[in-house]
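Participant: Handing you a structure now.
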Amino acid sequence: MPGVKKHPTAATAMEDQVSGALSVLQNVLSASQTYLKGMLNYTDSFYTPYLLATQYFQQAEALHLSENPPADSVDAYLGLLENNIELMARSLSGSAQMMESYARNEADGFAEALQQSFFEFNPTKLAEFTARQAELLDLVVNVYPKAIDAIEPEYGFHFERGDHILADETDRFLLYRVAPSLPGVKTRSDAKPVLILPPYVLGANILGFLPGEQRSYAHCFSNQGFPTYIRILKEIDTTPALQTMSGEDDALDTQRFCQTILKAHGKQVTLNGYCQGGYNALCNLLSGKLDNLVDAFITCVSPMDGTHSKGLARFLARLPQRFNDLDYGTKTLPNGNQVADGKLMGWVYKLKSIEQEIPAAAFYRDLMMFARQKNGDPQISKTAAALNYWLQNERNDLPLEITRISFASYNTPITADGTLPVRLFGGKLNLKRLKEKNIPWLICYGTHDDLVEKETALAPLDHVDAEVTPFPKGHVAIATSWSSPQSACALHTRFGEGNYRGPVRYHMDLDGALDEAKHQAANASQPQPIAPAQPEAGSAAPKPAKKTAAARKTTPRKAPGADKKPPKAALAAKKKPKPKAKATPVKTKKTAASRAKATKPASPRRGSKPK
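Here the numbering used here runs 181 ahead of the position in the sequence shown, where the first position is 1.
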């Protein structure tokens, strides 16, 4: 009716509905744009190595097509097609699973928002839900990459700052002594030193993860006061000696560094290899070049026999033999030297686990990381940022000969007598040499490591004895999660049902044993008081030796009645001198027998055996 005013609540409700609907639309549009940008970014990071692989494949096939019969080429290409179809099926399955997991995580909120919108005509919760999705997508696509870049000053060793001492160098490597990250901790120069060999492909900085947060494998040793050394690769692009390095060069450079460390500290080295560095360290030990320089060995998540790998070995087994060749990953540098492309090597590991590494699966995995935080204020942890910085930036090219060593370990098993599929200096490398040299070995592995599985890391146990320590989680957890001194499996402690020793605890015990042996040797070299000899069973106990005059003076003994005065007659008799005639013959007429009898000791001399 004219002149009747509308109820103010109705107008307000209408405005709220329109405003809410517009907010929903705006959030959906914003989220859609961010989603597309994120998928493009994740796809780009995955398919850039694919384009490199395509280029190397064309270069290699230009030679192989002319060298192989057409029928063999057809069979090889059909096998490659079958392998690619299998990878596509696995990638689709992995993507679908991750999308399903995210949908289930958000389903309750979405259903509640729809219910309010349809039955109460109130889009408030739907606006809140879409705003949350837009915020999560913005975190993954825009905020997260900035946090990853921002962690760079805190991540890794940063040798360029000069905090760590450059102890030695060769044409290929630099040897640094890692300074403690805790204030007040000083390196004990007389303690047992440790030399860490990082992996070639993944770089050394993963072992200096976040020193400021006390999450660093190398600093776990140095913060205990141990002389901690790490071998660092020089820049391969500008170091021709590294580009053409062989396994023998690796062993000789390690030998030199161990000599430098032994000279500085006077104790043999504990050699510690992480991941691929463990296998190279093993080859160096078995070559004999480190004899009398290294007396203990530690490996962490190291692939000792890649043929035991369930993931990578399966991937290589499905690949046609023709394409299982280093030619398909070799890069030629401007100076003509050839190296293995590190980015492509890392991409191969992604193909092995393509269910988790395909772009869509990786994108939703990161989205889930923030979606699980229900406190309304998702946080980006430094650990997650540093891990992603490592994954995005730490991929190094490899010397071709070093790559061939790893390639052999994944394609040829250790023989029944313990011989590795690698030769150095023209000789065989047999695991039993460690037992001959009495070198103790600690093998650490990850129980959920899908890169170097348990069977791959523990393969040497078929041939030699070693102490084994399992760590929860995956491939880099020892260097990240468990490198924190407050963690449940801290490296300097014993942990787990088996009372397992972490690598730092193992090294601490080795150092303690050396100090104890040194202390016992020092005590043994000191002159000890000689205890009186014990009489033989059944023989009479020897009489104690008479005290000397000096001893009698210092410890006078009083006879009974010595305190009483003697009678006068006794005093007079005492003063009366003895006849000289009687005393003289006693001294002059002693026989030899009587003299011998007089000089015979009443008891055996100290230290002699009673007769």
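Cβ coordinates follow ideal geometry from the N, Cα and C atoms, glycine included.
Can we say the segment 402-422 touches the segment 434-443, given the rule of at least three CB pairs closer than 8 Å?
Facilitator: yes
Participant: In the DSSP output, which residue or residues are listed as bridge partners for R341?
Facilitator: Counting from 1 along the sequence shown, the entry for residue 341 is found at position 160. Per the sequence shown, the amino acid found at residue 341 is Glu instead of Arg. None, per the DSSP bridge assignment.
Participant: Once the 5 residues before and after L514 are set aside, which same chain residues still bring their CB inside 8 Å of it?
Facilitator: Position 333 of the sequence shown, counted from the first residue, corresponds to residue 514. Once the five neighbours on either side are set aside, the close Cβ partners of L514 are D418, Q424, V520.
Participant: Along the chain, where does the beta strand (DSSP E) containing V520 start, and where does it finish?
Facilitator: Counting from one through the sequence shown, the residue named residue 520 turns up at place 339. Taken as a continuous stretch (DSSP letters only), the beta strand (DSSP E) holding V520 covers 519-521.
Participant: Which residue or residues does DSSP assign as beta-bridge partners of P349?
Facilitator: Working through the sequence shown from its first residue, we reach residue 349 at position 168. It should be pointed out that residue 349 corresponds to Asp in this sequence rather than to Pro. DSSP, once it has assigned bridges, lists L356 as partnering D349.
Participant: Give the single residue among N516, L500, T661 whose Cα lies nearest to the Cα of A566.
Facilitator: Counted from its first residue, the sequence shown places residue 566 at position 385. Minimum Cα distance to A566 is reached at T661.
Participant: Rounding to the nearest angstrom, what Cα-Cα distance links K448 and V645 in this structure?
Facilitator: What you label residue 448 is simply residue 267 of the sequence shown in a count that begins at 1. What you label residue 645 is simply residue 464 of the sequence shown in a count that begins at 1. Approximately 25 Å, taken between the alpha carbons.
Participant: What's the C-alpha gap between D508 and Y237?
Facilitator: As a working note, residue 508 is residue 327 in the sequence shown. As a working note, residue 237 is residue 56 in the sequence shown. About 8 Å.
Participant: Under 6 Å Cβ to Cβ from A308, same chain only, skipping five residues before and after it: list those, please.
Facilitator: Mapped onto the sequence shown, residue 308 falls at position 127. The residues are G201, S204, V205.
Participant: Measuring CB atoms only, is the segment 377-393 touching the segment 443-463, in the sense that at least three cross pairs come out at less than 8 Å?
Facilitator: yes
Participant: Measuring CB to CB, does G389 end up less than 8 Å from S397?
Facilitator: The residue given as residue 389 occupies position 208 in the sequence shown. The residue given as residue 397 occupies position 216 in the sequence shown. Yes, Cβ-Cβ distance for G389 and S397 is below 8 Å.
Participant: When DSSP labels each residue in this structure, what does S200 get in the three-state scheme?
Facilitator: Walking along the sequence shown from the start, residue 200 turns up at place 19. Three-state DSSP puts S200 in a helix.
Participant: Do G795 and S427 have their C-beta atoms within less than 8 Å of each other?
Facilitator: No statement about residue 795 is possible, as the shown extent of the chain runs from 182 to 792 and does not include it.
Participant: Along the chain, which unbroken stretches of the beta strand (DSSP E) at least 3 residues long are found entirely within the segment 601-630?
Facilitator: For the segment 601-630, whole beta strand (DSSP E) runs of length 3 or above, ordered along the chain, are 608-611, 622-627.
Participant: Do the CB positions of T351 and S403 come within less than 8 Å of each other?
Facilitator: On the sequence shown, position 170 is the one that residue 351 refers to. On the sequence shown, position 222 is the one that residue 403 refers to. Not in contact: T351 and S403 (Cβ atoms no closer than 8 Å).
Participant: For L268, which residues from the same chain have a beta carbon less than 8 Å from its beta carbon, with the 5 sequence-adjacent residues on both sides left out?
Facilitator: In the sequence shown, residue 268 corresponds to position 87, counting from 1. Excluding residues within five positions, the ones whose Cβ falls inside 8 Å are L532, I535.
Participant: Determine the DSSP secondary structure at E648, reduced to helix, strand or coil.
Facilitator: As a first step, residue 648 must be located in the sequence shown, where it is residue number 467. Of the three classes helix, strand and coil, the one that applies to E648 here is strand, per DSSP.
Participant: With a cut-off of 8 Å on the beta carbons, I'd call V452 and M485 a contact; round off their distance for me.
Facilitator: As a working mapping, residue 452 is identified with position 271 in the sequence shown. As a working mapping, residue 485 is identified with position 304 in the sequence shown. Sequence check: residue 452 is Leu here, not Val. That belief does not hold up - the Cβ atoms of L452 and M485 are roughly 15 Å apart, past 8 Å.
Participant: With G459 as the anchor, note down where its alpha helix (DSSP H) starts and where it stops.
Facilitator: As a working mapping, residue 459 is identified with position 278 in the sequence shown. Per DSSP, G459 belongs to the alpha helix (DSSP H) from 457-467.
Participant: For R271, which three-state DSSP category applies?
Facilitator: Start at 1 with the first residue of the sequence shown, and residue 271 comes out as number 90. Correct three-state label for R271: helix.
Participant: Let's test the definition: count the other Cβ atoms within 10 Å of the Cβ of E634 and tell me whether it reaches 16, buried, or not, exposed.
Facilitator: Taking the first residue of the sequence shown as position 1, residue 634 is located at position 453. With 16 or more other Cβ atoms within 10 Å, it is buried.
Participant: So what's L391 in DSSP terms, helix, strand or just coil?
Facilitator: Position 210 of the sequence shown holds residue 391. Note: L391 maps to strand in three-state DSSP.
Participant: Secondary structure at A660, three-state DSSP: helix, strand or coil?
Facilitator: Residue numbering aside, residue 660 sits at position 479 when the sequence shown is read from its first letter. In this structure, A660 counts as coil in the three-state DSSP scheme.
Participant: Note down the Cα distance separating G337 from L246, rounded to an integer number of angstroms.
Facilitator: One-based indexing of the sequence shown puts residue 337 at position 156. One-based indexing of the sequence shown puts residue 246 at position 65. Cα to Cα, the separation comes out at about 45 Å.
Participant: Would you report the Cα separation of V199 and T193, rounded to the nearest angstrom?
Facilitator: For this step, residue 199 is matched to residue 18 along the sequence shown. For this step, residue 193 is matched to residue 12 along the sequence shown. Using only the alpha carbons, I get a separation of about 10 Å.
Participant: Which residue comes first and which comes last in the alpha helix (DSSP H) that contains F551?
Facilitator: One-based indexing of the sequence shown puts residue 551 at position 370. Under the DSSP assignment, F551 falls in the alpha helix (DSSP H) whose first and last residues are 540-552.
Participant: Closest to A241 by C-alpha separation, out of T215, K512, G290, would be which residue?
Facilitator: As a position in the sequence shown, residue 241 is number 60, starting the count at 1. Taking only the C-alpha atoms, the option nearest A241 is K512.
Participant: Can you list, in chain order, the residues of its chain with a C-beta nearer than 7 Å to that of R733? Leave out the 5 residues immediately preceding and following it.
Facilitator: Along the sequence shown, one-based indexing puts residue 733 at 552. The predicted model places R733 with a pLDDT of 37, which falls under 50 and marks its position as unreliable; any figure quoted below should be read in that light. Result list for R733: empty, nothing under 7 Å.
Participant: Counting beta carbon pairs with one atom in the segment 616-631 and one in the segment 588-597, are three or more of them shorter than 8 Å?
Facilitator: Verdict: no, contact absent.
Participant: Who are the Cβ neighbours of F606 in its own chain at under 7 Å, not counting the five residues just before and after it?
Facilitator: Along the sequence shown, read from residue 1 onward, the residue named residue 606 stands at position 425. Cβ within range, chain order: E429, S468.
Participant: Starting from T480, trace the beta strand (DSSP E) in both directions and tell me its first and last residue.
Facilitator: Along the sequence shown, read from residue 1 onward, the residue named residue 480 stands at position 299. Per DSSP, T480 belongs to the beta strand (DSSP E) from 475-481.
Participant: With H, G and I counted as helix, E and B as strand and the rest as coil, what does DSSP make of L579?
Facilitator: Stepping through the sequence shown from its first residue, residue 579 is reached at position 398. Strand.
Participant: Helix, strand or coil: how does DSSP classify T193 here?
Facilitator: Here the question's residue 193 lines up with position 12 in the sequence shown. T193: helix per DSSP, three-state reduction.
Participant: If you count every other CB in all the chains shown that lies within 10 Å of the CB of G487, and 16 or more means buried, which is it?
Facilitator: In the sequence shown, residue 487 corresponds to position 306, counting from 1. Label assigned to G487: buried.
Participant: First and last residue of the alpha helix (DSSP H) that includes I595?
Facilitator: Residue numbering aside, residue 595 sits at position 414 when the sequence shown is read from its first letter. Looking at the DSSP string, I595 is not in any alpha helix (DSSP H), and its letter there is neither H nor E.
Participant: Candidates Q278, T420, I479, T584: which alpha carbon is nearest N516's?
Facilitator: Indexing the sequence shown from 1 puts residue 516 at position 335. Comparing Cα-Cα distances from N516 to each of Q278, T420, I479, T584, the minimum goes to T420.
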